[in-house]
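The numbering of the sequence shown is the UniProt record's numbering, which starts it at 1 and goes up by one.
Each residue gets a CB set at the ideal place from its N, CA and C atoms; glycine is no exception.
Here is the structure we will look at.
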Amino acid sequence: MAGHMKVTGQLGQVMGESSSISRTYACLFMRELDVGNSFLDEASVHLNVPEGAVPKDGPSAGVTMATALVSLALDTPVRPDLAMTGELTLSGKVLKVGGIKEKVIAARRDGVNTLCLPRQNEADFIELKEYLRAGVTAHFVDHFDDVYQIAFEGADVPKLPFPPRGQPKATVVTPEQPPPSAELATEAAAAPAAAPAAAAVAGAAYLRAGGPELPPSWMSAPPAWRQDIQQR
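Now the structure itself:
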């Protein structure tokens, strides 16, 4: 019996096509990796994207779905500290996607500090403010071969029978920022009572030093002052 995959979760046309591409490529990849592993060619797989009431679309989950299918075929979990995004082609190339800032923030919110991103998104990541990148290790890949090596690093899985295809992987490690000093926090808390320029400088210094958000006293400050911080 030939395998097939059912996909649910109110997906749009682009994401539905991306899931089909992911399955096709995962089957091809497994044949290259382990010719005796025919799991994906024979299994009936049901892939569900949670929160079915929320419409979803776009190609960004391509590498993620393919990695999940390879994990299923190998009966080996992906490392738990990893998040990834990228459009996947039938030849295994990983293409640029949008929303890098939002995806980095979502990963940090869930305590994930290792990211696998498309090679073409490296500039988008570097342009993020340092406090968003702090403590994050980002790998930029051009082909699924590198995704496989990163996702199953340290696991007992078959090695690639050939060198990784595509451009070489690039890695950017951003050191964790130390917490802001008590002096900076005090200065930022008192800043709304100061002149606008001085207030913006104090608030910006606090955030650059690693402060997670402005002190509560800033909530009553004029919106223009708070906006000025982002420009500093």
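Take L90 and list the residues in its own chain whose beta-carbon comes closer than 7 Å to its own, dropping the five residues that flank it on each side.
Mapped onto the sequence shown, residue 90 falls at position 90. In its chain, beyond the 5 residues on either side, I21, T24, Y25 have a beta carbon closer than 7 Å to the beta carbon of L90.
Helix, strand or coil: how does DSSP classify S71 here?
For the purposes of this step, residue 71 is taken as residue 71 along the sequence shown, with counting starting at 1. DSSP places S71 in helix when its eight states are reduced to three.
Less than 7 Å between the beta carbons of G135 and N113, yes or no?
Residue 135 sits at position 135 when you count from the first residue of the sequence shown. Residue 113 sits at position 113 when you count from the first residue of the sequence shown. Going by C-beta atoms, G135 is nearer than 7 Å to N113.
Looking at the structure shown, is K56 part of a helix, part of a strand, or coil, going by DSSP?
Within the sequence shown, numbered from 1, the residue matching residue 56 stands at position 56. Strand at K56.
Does DSSP classify S19 as helix, strand or coil?
Against the sequence shown, residue 19 aligns to sequence position 19. Three-state result, S19: helix.
Considering just the uninterrupted stretch of the alpha helix (DSSP H) at L47, what are its terminal residues?
Your numbering for residue 47 matches position 47 in the sequence shown. Element bounds for L47: not the alpha helix (DSSP H) but the beta strand (DSSP E), 44 to 48.
So, with DSSP's three-state summary, where would you put V94?
Within the sequence shown, the letter at position 94 stands for residue 94. Here V94 sits in strand by DSSP.
Assign T67 to one of two classes, buried (16 or more other C-beta atoms within 10 Å of its C-beta) or exposed (fewer than that).
The residue labelled residue 67 in the question sits at position 67 within the sequence shown. When all chains shown are included, T67 counts as buried.
Say whether the stretch 34 to 48 touches the stretch 79 to 86, bearing in mind that this needs 3 or more beta-carbon pairs closer than 8 Å, one atom from each stretch.
no
Find the nearest neighbour of G58 within the set K101, V35, V14, F29, judged by alpha-carbon distance.
Translated into positions along the sequence shown, residue 58 becomes position 58. The option with the nearest alpha carbon to G58 is V14.
Per DSSP, which residues does E87 bridge with? Please list them.
Within the sequence shown, numbered from 1, the residue matching residue 87 stands at position 87. Per DSSP, L95.
Three-state secondary structure (DSSP) at L82?
Working through the sequence shown from its first residue, we reach residue 82 at position 82. L82 falls in the strand class under three-state DSSP.
Cβ neighbours of G52 in the same chain (closer than 8 Å, five flanking residues each side left out)
Locating residue 52 in the sequence shown gives position 52, where the first residue counts as 1. Excluding sequence neighbours, G52 sits near T8, G9, Q10.
Let me confirm a value: W145 is counted as buried when at least 16 other C-beta atoms fall within 10 Å, else exposed. Which label applies?
Here residue 145 refers to the residue found at position 145 of the sequence shown. The sequence given here has Asp at residue 145, not Trp. Burial is judged here by how many other beta carbons sit within 10 angstroms of a residue's own beta carbon; D145 has at least 16 and is buried.
Rounded Cβ spacing between F152 and R119 (contact assumed at less than 8 Å)
Within the sequence shown, residue 152 is the residue found at index 152, counting from 1. Within the sequence shown, residue 119 is the residue found at index 119, counting from 1. For a cut-off of 8 Å, the C-beta gap from F152 to R119 is around 20 Å, too long to register as a contact.
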